[in-house]
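J.: In my numbering, the protein residues as written are 101 to 492.
The following block contains the structure, expressed as structure tokens.
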Amino acid sequence: MRTPGAAAFFASGVLARLPMAMFGVAAVVMVATSRGSYALAGAVSATGLGFAAVVAPLVARAVDRLGQARVAVPAVLFAVAAHLSLAAAVRADAPDWALFCCAALASTAPNTGGMSRARWARLYRDDPAARHTANSLEQAADELCFVLGPVVAVALAVSWFPEAGTVFAAVTLLAGTLLFTAQRRTEPPVGAAGPKGRAPVRTPGMAPLLATFLATGVVFGSMEVVTVAFADESGYPGAAGAILAVQAFGSGAAGLAFGLLTLSGSPWRRFVRCVCAMAALMTLPLLSASVGGLWLLAPTLLLVGMAIAPTMVTSMTLVQELVPAARINEGMTLAVTALLCGISAGAAGGGWAAERLPGAWSYTLPLCAAATAAVVALLGGRAPARERAGQA
């Protein structure tokens, strides 16, 4: 934070990211409350995330070519208008297809987290230790948003009216993005990093990394919907946001601690270990929800969350090391896009599991997804090692 301008873009970036942690839960609660169907709510949320998986890399590529402020401002204006239209459609009892259309149009929201990490990468391009600390701080900020976001979204929807969470998130997204893009001093210059290099998706090592992000996203998306439904089934619908916040708090605390460590060895090995630890801990929600119900689930998710931030910090560091410097925002957005695709599938699958599997058995979906992520990470880690050996 001693770097001039760092505190300003970091704080405004956090404000812009808070709504991204709210939209998913807010849409699920809003649609489920108004229409009485978690399957429909999960499908609407999944539609928005699915379209974002296609649109977000295009927005990120435009950011790399034209600049953050020039692209992010019109993109966020369009996304905010779509989110407000979704809330209005639910309020007016519009047909289901209108909800899906509005959710799809809201997919142009820029990846503020990626733009913020791109600024840190430029500031500390010659200091790997400082980049690790900055990435850990960014991940802790992400988790802070996921601590506050679900709580605020559920509280507003339950206490005021079902659309309150979505409306508040849309206004906050607009304000935060405008403040972030106003910080021009630290914005990476367009084309300053030299030749573009190969496309990030074709970079050796990126394919298994993106596949792991995809499976990990299924864990996140299904956990969110399943936990909301399980809390409702247990008779405490308002507790869902707080329980999800406990998981995010554990991840945020682990992210801060991870940023203080002096790391050695291969980042790929650290990444594989973190993913495997997350998969092992994902057995606990199924067991705790089956045995102790809702109140034993919360401390269990705290433990699960402690494996999330180190995994995400290490993976984002890998992305920064693998992709060309001039396409770093595109590379990080591809990683986020893979995560969003997984969250989209997980949200839809979580809605299906919540309605068709009895009680705590719906937690088998995130468990299977975490196991898949571990297998992909274990097998995929060999690819970049072979590439490095060939180059040597």
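The beta-carbon is built from N, C-alpha and C at its ideal position, and this holds for glycine as well.
Are the segment 193 to 201 and the segment 390 to 402 in contact at 8 angstroms, needing three or more beta carbon pairs?
T.: Because the criterion of three Cβ pairs below 8 angstroms is not met, the segment 193 to 201 and the segment 390 to 402 do not touch.
J.: Is the beta carbon of residue 218 closer than 8 angstroms to that of residue 262?
T.: Taking the first residue of the sequence shown as 1, we reach residue 262 at position 162. Taking the first residue of the sequence shown as 1, we reach residue 218 at position 118. Cβ distance not < 8 angstroms, so residue 262 and residue 218 don't count as in contact.
J.: Can the beta-carbon of residue 145 be found closer than 8 angstroms to that of residue 447?
T.: Working through the sequence shown from its first residue, we reach residue 145 at position 45. Working through the sequence shown from its first residue, we reach residue 447 at position 347. Yes, they are a contact pair.
J.: Based on Cα-Cα distance, which residue from 102, 114, 125 lies nearest to residue 323?
T.: Translated into positions along the sequence shown, residue 323 becomes position 223. Nearest C-alpha to residue 323: 125.
J.: Which word fits residue 285, buried or exposed, when buried means at least 16 other C-beta atoms lie within 10 angstroms of its C-beta?
T.: Here residue 285 refers to the residue found at position 185 when the sequence shown is read from its first residue. Exposed is the call here.
J.: Going by beta-carbon coordinates alone, are residue 209 and residue 179 separated by less than 8 angstroms?
T.: For the purposes of this step, residue 209 is taken as the residue at position 109 of the sequence shown. For the purposes of this step, residue 179 is taken as the residue at position 79 of the sequence shown. Taking 8 angstroms as the Cβ cut-off, residue 209 and residue 179 qualify as a contacting pair.
J.: Once DSSP output is grouped into helix, strand and coil, what is the label at residue 261?
T.: Taking the sequence shown and counting its residues from 1, one reaches residue 261 at position 161. Coil.
J.: Over what stretch of residues does the alpha helix (DSSP H) that includes residue 378 continue unbroken?
T.: Translated into the one-based positions of the sequence shown, residue 378 becomes position 278. Here the alpha helix (DSSP H) through residue 378 covers 367 to 381.
J.: Does the beta carbon of residue 267 come closer than 8 angstroms to any beta carbon on chain C?
T.: The structure shown contains no chain C, having only a single protein chain.
J.: Nearest-angstrom Cα distance between residue 141 and residue 130?
T.: Walking along the sequence shown from the start, residue 141 turns up at place 41. Walking along the sequence shown from the start, residue 130 turns up at place 30. Taking the straight line joining both Cα atoms gives about 8 angstroms.
J.: Applying the criterion that 16 or more other CB atoms from any shown protein chain within 10 Å of the CB defines a buried residue, is residue 154 buried or exposed?
T.: Along the sequence shown, one-based indexing puts residue 154 at 54. Its Cβ having fewer than 16 others within 10 Å, residue 154 is exposed.
J.: Among residues of its own chain, excluding the 5 on either side of residue 108, which ones have a beta-carbon nearer than 7 angstroms to its beta-carbon?
T.: Here residue 108 refers to the residue found at position 8 when the sequence shown is read from its first residue. Answer for residue 108: 283, listed in chain order.
J.: From the DSSP output, in three-state form, read off residue 106 for me.
T.: Taking the first residue of the sequence shown as position 1, residue 106 is located at position 6. DSSP places residue 106 in helix when its eight states are reduced to three.
J.: Do residue 437 and residue 156 have their beta-carbon atoms positioned less than 8 angstroms apart in this structure?
T.: In the sequence shown, residue 156 corresponds to position 56, counting from 1. In the sequence shown, residue 437 corresponds to position 337, counting from 1. Closer than 8 angstroms, so yes.
J.: Using alpha carbons as the reference points, say which of 229, 228, 205 lies closest to residue 175.
T.: Here residue 175 refers to the residue found at position 75 of the sequence shown. Of the candidates 229, 228, 205, the one whose C-alpha sits nearest the C-alpha of residue 175 is 205.
J.: Between residue 223 and residue 103, how many whole angstroms is the CB-CB distance? I'm expecting something under 8 angstroms.
T.: In the sequence shown, residue 223 corresponds to position 123, counting from 1. In the sequence shown, residue 103 corresponds to position 3, counting from 1. So it is a contact: roughly 6 angstroms between Cβ atoms.
J.: Mind checking residue 368: buried by the 16 CB within 10 Å criterion, or exposed?
T.: As a position in the sequence shown, residue 368 is number 268, starting the count at 1. Its Cβ being crowded by 16 or more others within 10 Å, residue 368 is buried.
J.: Compare the beta carbon distance of residue 381 and residue 270 with 8 angstroms and say whether it is the shorter of the two.
T.: Reading the sequence shown from its first residue, position 281 is the one you call residue 381. Reading the sequence shown from its first residue, position 170 is the one you call residue 270. No. Outside cutoff.
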